[in-house]
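One structure is given below, encoded as structure tokens.
Residue numbers (UniProt numbering): 1 to 321.
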């Protein structure tokens, strides 16, 4: 089952998307559903009928107002791909502790914007995981041990400002991509060696407002030699890219969506007076976006004749003829 709206046109559509609970119940009742992919649809919780679908392989829920996973999610032992992305205003708040214990088929995890979550389930069952992405966990205090993730190829953790330490990275020493950006207090609180509270990563976070860090105690865990060796291989991707106000598209608001009138790529002026472009960043609602990179991308698409066909009525300012 695939049902997606990747560019909600009105604030009402963004705030209260179409409720698909009954449709999911209907399609899951036979027990044959193997794919569930919803974007900007309402599914507050996974219905009990979905439990029958033991052959579930792909689960994607983006901006669905889902707040938790049921205890029986662990029964999806054939699951290969899971992508859960919350809204800032309705995040997932908890996951079962044993969720992954029998998910040896899982190869891809993307969990994003679980803002209040302080801990994640154990990763011990993820023996075939290849990609793990964890952006915007503002309250997460520690990461689970990575001991079972020997096949991991990509690890991305960003916007996790309350993380004081990392688990030993020795089990994932063969990753092909490692990205640990924005603030983690482990960057400067002594976990890597010397504590330096004057480092920007240890100050009050300029975007999230997370409090300033303190130095680790002498008894607190420190980075292992294997962890330091792996981090040193990716200097441009580790403890860099501090996000600041205006550098990340926040959730759409009535004020940012109304000027767009549901039209992608039209020119607009955001509430602060900056000339901008209407854009559906990360499949959120079409909103007035001050980020210059989507504007540059769209200009390049038009110049090269790729992507969505341009509309000169709204995109002449981008070079559309």
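All residues carry an ideal CB built from backbone N, CA and C; glycine is no exception.
> When you compare each of 178, 155, 187, 175 to residue 165 by their alpha carbons, which one comes out closest?
Replying inline: Within the chain shown, residue 165 is the residue found at index 165, counting from 1. Of the listed residues, the one whose Cα sits closest to residue 165 is 187.
> Under the three-state reduction of DSSP, which class applies to residue 277: helix, strand or coil?
Replying inline: Counted from its first residue, the chain shown places residue 277 at position 277. Strand, per DSSP.
> What first and last residue would you give for the alpha helix (DSSP H) that runs through residue 27?
Replying inline: Working through the chain shown from its first residue, we reach residue 27 at position 27. Counting along the chain, the alpha helix (DSSP H) containing residue 27 begins and ends at 21-28.
> In this structure, does DSSP put residue 135 in helix, strand or coil?
Replying inline: The residue labelled residue 135 in the question sits at position 135 within the chain shown. The answer is strand: DSSP assigns residue 135 an E or B state.
> Does the region 66-75 come close enough to the region 84-101 that 3 or more CB-CB pairs lie under 8 Å?
Replying inline: Remark: three or more beta-carbon pairs, one from each stretch, lie closer than 8 Å, so the region 84-101 and the region 66-75 are flagged as touching.
> With which residues is residue 37 paired in a DSSP beta bridge?
Replying inline: Taking the first residue of the chain shown as 1, we reach residue 37 at position 37. Looking at the DSSP assignment, residue 37 forms a beta bridge with 2, 60.
> DSSP puts residue 85 in a beta bridge; with which residues?
Replying inline: Against the chain shown, residue 85 aligns to sequence position 85. According to DSSP, residue 85 bridges with 62, 112.
> Taking the alpha carbon of residue 282 as the point to measure from, which residue in 248, 271, 314, 306 has its own alpha carbon closest?
Replying inline: Residue numbering aside, residue 282 sits at position 282 when the chain shown is read from its first letter. Closest option to residue 282, judged by alpha-carbon separation, among 248, 271, 314, 306: 248.
>> Can you look up residue 265 in the DSSP assignment and give me helix, strand or coil?
In response: For the purposes of this step, residue 265 is taken as residue 265 along the chain shown, with counting starting at 1. Looking at residue 265 - three-state DSSP - the assignment turns out to be coil, as it is neither helix nor strand.
> Assuming residue 262 and residue 286 make a contact with CB atoms under 8 Å, what is their CB distance in whole Å?
Replying inline: The sequence position of residue 262 within the chain shown is 262, counting from 1. The sequence position of residue 286 within the chain shown is 286, counting from 1. With a contact defined as Cβ atoms closer than 8 Å, residue 262 and residue 286 qualify at about 6 Å.
>> For a quick check, are the C-beta atoms of residue 153 and residue 176 less than 9 Å apart?
In response: To locate residue 153, count along the chain shown from 1; it is residue 153. To locate residue 176, count along the chain shown from 1; it is residue 176. Taking 9 Å as the Cβ cut-off, residue 153 and residue 176 qualify as a contacting pair.
>> Can you find the residues in the same chain that come closer than 6 Å, C-beta to C-beta, to residue 40, ignoring five residues on each side of it along the sequence?
In response: Numbered from its first residue, the chain shown carries residue 40 at position 40. Only 5, 8, 17, 63 meet the Cβ criterion.
> Under the DSSP definition of a beta bridge, which residues are partnered with residue 158?
Replying inline: Working through the chain shown from its first residue, we reach residue 158 at position 158. Paired residues: 135, 181.
> Hey, residue 28 and residue 53 are a contact pair by Cβ (cut 8 Å); roughly how many whole angstroms apart?
Replying inline: Translated into the one-based positions of the chain shown, residue 28 becomes position 28. Translated into the one-based positions of the chain shown, residue 53 becomes position 53. Between residue 53 and residue 28 the Cβ distance is about 6 Å, and since that is below 8 Å, they are a contact.
> By a C-beta neighbour count over all protein chains shown, 10 Å radius and 16 as the cutoff for buried, is residue 312 buried or exposed?
Replying inline: For the purposes of this step, residue 312 is taken as residue 312 along the chain shown, with counting starting at 1. Counting Cβ neighbours within 10 Å, residue 312 comes out exposed, since fewer than 16 surround it.
> When the Cα atoms are used, what is the spatial distance from residue 402 to residue 132?
Replying inline: With the chain covering 1 to 321 only, the question about residue 402 has no answer from this structure.
> What did DSSP end up calling residue 68 once you bin it into helix, strand or coil?
Replying inline: Looking up residue 68 in the chain shown gives position 68. Reduced to three states, the DSSP call for residue 68 is strand.
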